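**Student:** I have a structure I would like to understand better, so I am pasting it below and will then ask my questions one at a time.
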Amino acid sequence: MSPPDFEIEIDHAACRGAGVCVRVAPKSFALDSDQRSRVLGTVGDTPENLQTAADRCPYFAIKLSQRRSEADSRR
């Protein structure tokens, strides 16, 4: 997967601000004023780092999903 091919979702109710995502993929994640993770974007960190951030989240708050292509959307 390349970064534009997927989307990142954060379950803000599950996020507890451990900051693993920020350490693993600092160009894509930041902690907000409530110490909850927020997405900065999918460009800048490698797809592997984004997947690692999701896999290592201790609260399973990060979900990566395939972005649907325009052709898929028209079906």
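Every letter in the sequence shown is one number past the one before it in numbering that gives the first Met the number 0, and letter 54, counting from 1, is 53.
C-beta atoms are modelled at their ideal positions from N, C-alpha and C, and glycine is treated no differently.
This structure is a prediction, so every number in the text was calculated from the model and none was measured.
1. Exposed or buried, what is V42 when buried is set at 16 or more other beta-carbons lying within 10 Å of its beta-carbon?
2. Is the separation between the beta-carbon of D44 and that of S27 shorter than 9 Å?
3. Hey, quick one: how far does the beta strand (DSSP E) through Q65 stretch, first residue to last?
4. Any idea what DSSP makes of L30, helix, strand or coil?
5. Decide if V36 is buried, meaning its Cβ has at least 16 other Cβ atoms within 10 Å, or exposed.
**Tutor:** From the atom records:
1. exposed
2. yes
3. 61-65
4. strand
5. For clarity, residue 36 is Ser in the given sequence; the question names Val instead. Buried, by the Cβ-count rule.
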